[in-house]
Amino acid sequence: MITTNSLSGPRRWALASLLGLACGAQAATETEVREFIDLAGQRAGELSLKENRAEWIFQNFITYDTQNQVVDIKKQVTLNGMATARMARDFMADGEGLSESTLRDLEMIRHKVTLPAPADEALTAELVSLGAELENIYSTGKYCNAEGDCQVLRDMSLRMANSRNEAELRELWAGWREASKPMRPLYARMVELANTGARDLGYKDLGDYWRSRFDMSSDAFAADMDRYWQEAKPLYEALQCHVGAQLEAQYGDDVMPDNGMIPAHLLGNMWAQGWANIEDVVMGGKSQAPYDLTEILEERDMSAVDMARTAEAFFSSLGFEPLPETFYERSLFTRPQDREVVCHASAWNLDDVDDLRIKMCIQRTGEEFGVVHHELGHNYYQRAYNQQDYFHRGSANVGFHEAVGDAIALSVTPEYLVKIGFLDELPASTEEAEIAQLMKTALDKVAFLPFGLIMDKWRWQVFSGEVEPANYNQAWWALREEYQGVTAPVTRTEDHFDPGAKYHIPSNVSYSRYFLAHLLQFQFHQRMCELAGFEGPLHQCSAYGSKKAGEALNTMLTAGRSAPWQDTLEAFTGDRDVDPGAMLAYFAPLKAWLDEQNADRQCGWTVN
Ligand code: ASP
Ligand code: SER
Ligand code: ZN
Numbered sequence: 000m001i002t003t004n005s006l007s008g009p010r011r012w013a014l015a016s017l018l019g020l021a022c023g024a025q026a027a028t029e030t031e032v033r034e035f036i037d038l039a040g041q042r043a044g045e046l047s048l049k050e051n052r053a054e055w056i057f058q059n060f061i062t063y064d065t066q067n068q069v070v071d072i073k074k075q076v077t078l079n080g081m082a083t084a085r086m087a088r089d090f091m092a093d094g095e096g097l098s099e100s101t102l103r104d105l106e107m108i109r110h111k112v113t114l115p116a117p118a119d120e121a122l123t124a125e126l127v128s129l130g131a132e133l134e135n136i137y138s139t140g141k142y143c144n145a146e147g148d149c150q151v152l153r154d155m156s157l158r159m160a161n162s163r164n165e166a167e168l169r170e171l172w173a174g175w176r177e178a179s180k181p182m183r184p185l186y187a188r189m190v191e192l193a194n195t196g197a198r199d200l201g202y203k204d205l206g207d208y209w210r211s212r213f214d215m216s217s218d219a220f221a222a223d224m225d226r227y228w229q230e231a232k233p234l235y236e237a238l239q240c241h242v243g244a245q246l247e248a249q250y251g252d253d254v255m256p257d258n259g260m261i262p263a264h265l266l267g268n269m270w271a272q273g274w275a276n277i278e279d280v281v282m283g284g285k286s287q288a289p290y291d292l293t294e295i296l297e298e299r300d301m302s303a304v305d306m307a308r309t310a311e312a313f314f315s316s317l318g319f320e321p322l323p324e325t326f327y328e329r330s331l332f333t334r335p336q337d338r339e340v341v342c343h344a345s346a347w348n349l350d351d352v353d354d355l356r357i358k359m360c361i362q363r364t365g366e367e368f369g370v371v372h373h374e375l376g377h378n379y380y381q382r383a384y385n386q387q388d389y390f391h392r393g394s395a396n397v398g399f400h401e402a403v404g405d406a407i408a409l410s411v412t413p414e415y416l417v418k419i420g421f422l423d424e425l426p427a428s429t430e431e432a433e434i435a436q437l438m439k440t441a442l443d444k445v446a447f448l449p450f451g452l453i454m455d456k457w458r459w460q461v462f463s464g465e466v467e468p469a470n471y472n473q474a475w476w477a478l479r480e481e482y483q484g485v486t487a488p489v490t491r492t493e494d495h496f497d498p499g500a501k502y503h504i505p506s507n508v509s510y511s512r513y514f515l516a517h518l519l520q521f522q523f524h525q526r527m528c529e530l531a532g533f534e535g536p537l538h539q540c541s542a543y544g545s546k547k548a549g550e551a552l553n554t555m556l557t558a559g560r561s562a563p564w565q566d567t568l569e570a571f572t573g574d575r576d577v578d579p580g581a582m583l584a585y586f587a588p589l590k591a592w593l594d595e596q597n598a599d600r601q602c603g604w605t606v607n
């Protein structure tokens, strides 16, 4: 018979009501706490099913009513998540006698709520409403020019990728940043409420709360992030220097500031987070890449669904079971013309078993082909860990979830494209072609790193109170300049809210995950290539068809969050830490080439 009597008054009643038990008079044992964890998992699982359904409908049909509905259910989910998290906090406080794995499970319950709410129903409702409203503003945002012609983000992004007209790029860049202005007061209030919730659970603030999810202390995690960055930085700096010089050649020195920074609108991407779209400019005005994936997809008249099927076939070649037919019936693959949807790509498992879906406004480009692999990586991971206990259904750490599909996409090599008939023959392997291929990948993966770091650095400063609402934008640009060497092309003020112009800020998706993933994916790729028996430069390796690589990957995915991520990583790659060395090894030939190009240049930048 399970009792709850070691606990004092209100906690005893709370646990009793969760467990459906009467209160007795003995100590909470390991067995009782395990029972609590099981029941908490059951209840959270039932609620999350309802939440997923309401969220799917809201994100596929953004209306006043679907928003109200999702807010309603999210309120229940948050109230339950917070009640459970507070109990976990209390069990941990008198945790002597509990096993290490039980303490770890309690910690996971405690930090599970994305936006922890104050212990008050009305404030909880306010907090979840703010979250939904921010998501709505971002996803329905448009830029309307002086003539009243309006554009959505997807079309603006495509122009940013392809236009080489500085004035047009500047207009698009500044235009999209009008849409996020109204978010500012909502964001400030949201931070205030979620900080209260985080403190109630025993954390310093929401940043401390988010950083506590990595099987180590929150401070140690922040220090590790800086350490990884220091290791990768010389490669980034070499790239930034060369790209800056090539942009100056393209646009002239009146567009380029003389402090070594790059104006943010010239890099082929709305946020200057990935620069692969300007590979032509970087390679001297004409693409040197041996093939163009966008052209191949166009020539083959590939539909969005064809792109998904091709990515699925890659996973099948590794031995993964095919996706369920419902994946194709229920996913959203293209942007509907007649309604508002959240277009930012995501992957779902609605029933936590195998109701897998993606929701994405796919464009027929090589870049988006990569994102399709990224999303499917999430789906295969979700299905692989579906046998785990509720609180272990998840990524070893959130970086792993973002790294799986990307690691697979690193195997989309010329050799692979020949194998699947997308290329007739292997392009001649000249040094130029190799460098161009590495450059294209580096513009995507290496350029991303400092952006991946500052998204959360900014939030950590905001959540801790180090940066106040009156300085939101100024603090954002200080980080952009310091870490990326990228600067705003148009004057910024505190009327603007530029962080909100990037999806993950209004939607409260932490971003360290992508920084970690950009390093981890090279470790995964390296290991899969080893298992595939590949010997040679890593950028030429494709693990396509290797059952051995697939099996090892699947073992890691199946483990979910059941063990500290360091153990899960070690079982797969042999490493116990994130190691930027794998990325550096991959790009070693490019780094040597960049150093030659930069030999006579003054590299680096100065922050005013
Ligand atoms: N590729 C997108 C991004 O990472 C969507 C995703 O993560 O699923 O934001
Ligand atoms: N998908 C993430 C983003 O869009 C990371 O690349 O920012
Ligand atoms: Zn993702």
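Take the sequence shown: its position 545, counted from the start at 1, is 544 in numbering that gives the first Met the number 0, and no numbers get skipped. Cβ coordinates follow ideal geometry from the N, Cα and C atoms, glycine included.
Could you check how far apart the C-beta atoms of H377 and A346 are, in whole angstroms? I think they sit under 8 Å.
3 Å
Unbroken alpha helix (DSSP H) runs of length 4 or more, entirely within the segment 110-177: which are they?
120-139, 152-161 and 165-175
From which residue to which residue does the beta strand (DSSP E) around N348 run?
S345 to N348
Please report the straight-line C-alpha distance between L168 and T490, rounded to a whole angstrom.
15 Å
Reduced DSSP category for V485 - H, G, I as helix; E, B as strand; rest coil:
strand
The alpha helix (DSSP H) with R88 in it runs from where to where?
Y63 to A92
Verify whether the separation of the beta carbon atoms of L583 and L234 is less than 8 Å.
yes
Just checking, does the segment 184-200 make contact with the segment 434-448 on the three C-beta pairs under 8 Å criterion?
no
Suppose the cutoff is 7 Å on Cβ atoms and the five residues either side in sequence are ignored; what does the same chain contact list for M282 look like?
A435 and M438
For G206, which residues from the same chain have a beta carbon less than 7 Å from its beta carbon, with the 5 sequence-adjacent residues on both sides left out?
R458, W459, F462 and S463
Reducing DSSP to helix, strand and coil, say where G23 ends up.
Because G23 carries a pLDDT of 45, less than 50, the predicted location of this residue cannot be relied on, and no value is offered for it.
M0 versus L38: straight-line alpha-carbon distance, rounded
Interpretation of M0 is limited by its pLDDT of 41, a score under 50 that renders its predicted location unreliable; no figure is taken from the coordinates.
Taking 8 Å as the threshold (C-beta atoms), are A542 and L317 in contact?
yes
Considering only C-alpha positions, which residue in the set N194, T30 and M224 is nearest to L515?
M224
DSSP three-state label for K456, please.
helix
Under a Cβ-count criterion, where at least 16 other Cβ atoms within 10 Å of its own Cβ denotes burial, should S98 be classed as buried or exposed?
exposed
Using a Cβ distance threshold of 8 Å, determine whether the segment 66-80 contacts the segment 181-189, with at least three qualifying pairs required.
no
Among V190, Y471, L46 and K232, the one whose alpha carbon lies nearest that of G484:
K232
So if DSSP puts R356 in a beta bridge, which residue, or which two residues, is it bridged to?
W347
Looking at the structure shown, is P588 part of a helix, part of a strand, or coil, going by DSSP?
helix
Where D576 falls, given that 16 or more other Cβ within 10 Å makes a residue buried
exposed
Report the residue from S128, D154 and L552 whose alpha carbon sits nearest the alpha carbon of H343.
D154
Leaving aside the five residues before and after W475 along the sequence, list all residues of the same chain whose C-beta is less than 7 Å from its C-beta, in chain order.
W457, D497 and P498
D578 vs Q522 beta-carbon contact at 8 Å:
yes
Does the beta carbon of G273 come closer than 8 Å to any beta carbon on chain C?
Looking for chain C here will not work: only one protein chain is present.
Separation of K203 from D494, as counted between CA atoms
29 Å
Would you kindly work out how many angstroms separate the C-alpha atoms of C22 and A43, rounded to a whole number?
Below a pLDDT of 50, predicted positions are generally treated as unreliable, and C22, at 46, falls in that range; no measurement from the model is reported.
Which class does L425 belong to by DSSP, given the choice of helix, strand or coil?
coil
Option in P468, I453 and A312 with minimal Cα separation from A477:
I453
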